[in-house]
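Structure record follows, encoded as structure tokens.
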Amino acid sequence: MGLLDKPILAPKEFKKEFQHVTDYLCPNCGMEPVSYYEIKGEGFPKWYNESSWHTDMGNFYYWEEYHICEATDCRTKFWFENGN
């Protein structure tokens with residue numbers, strides 16, 4: 001089983017509102033997010049667009065993570081692609 005019981009597509013608003021980055025670090029302040037956290041009662045990260053497939057090289061999983069920086073003086077919204 002993957003991150004989600006069934007794939008959920010990220011709302012278009014997320015990609016407009018959140019900045020795309022290539023790693024885990026906040027693009028504004030450099031803080032690394034923890035695996036799960038809450039901001040104003042809302043849980044993060046949010047996982048979307050999960051998919052999985054199998055090739056001769058093994059099993060692969062892909063998903064997108066949406067974050068809001070935990071630093072109270074930052075709160076930058078960003079997302080990145082993840083997988084293994």
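Residue numbers (the numbering used here): 1 to 84.
Built from N, CA and C at the ideal position, the CB exists for glycine as well.
Bear in mind that the values here come from a model prediction, so they are computed numbers and not experimental data.
Look up residue i in the DSSP assignment and give the residues it is bridged to.
i	result
K46	Y66
E96	Residue coverage of the chain in this structure runs from 1 to 84, which leaves residue 96 outside it and unanswerable.
Y24	According to DSSP, which records beta bridges pairwise, Y24 is partnered with nothing at all.
T55	G58
Using only alpha-carbon positions, find the residue among the options that is nearest to residue i.
i	options	result
V34	D73, V21, E65	E65
A10	C74, D73, S51, M57	S51
G30	I68, E81, N82	I68
T72	P45, Y24, K40, K16	K40
I8	K15, P45, N49	N49
Y24	E32, D56, K77	E32
So residue i and residue j are in contact, right, with Cβ under 8 Å, and what is the actual spacing, rounded?
i	j	result
E70	Y37	6 Å
Y62	E81	7 Å
By the DSSP assignment, the beta strand (DSSP E) with residue i in it spans what residues?
i	result
E38	37–39
How is the alpha helix (DSSP H) around residue i delimited, first residue to last?
i	result
E17	12–17
Say whether chain D places a C-beta atom closer than 9 Å to the C-beta of residue i.
i	result
C26	No chain D is part of this structure, which consists of one protein chain only.
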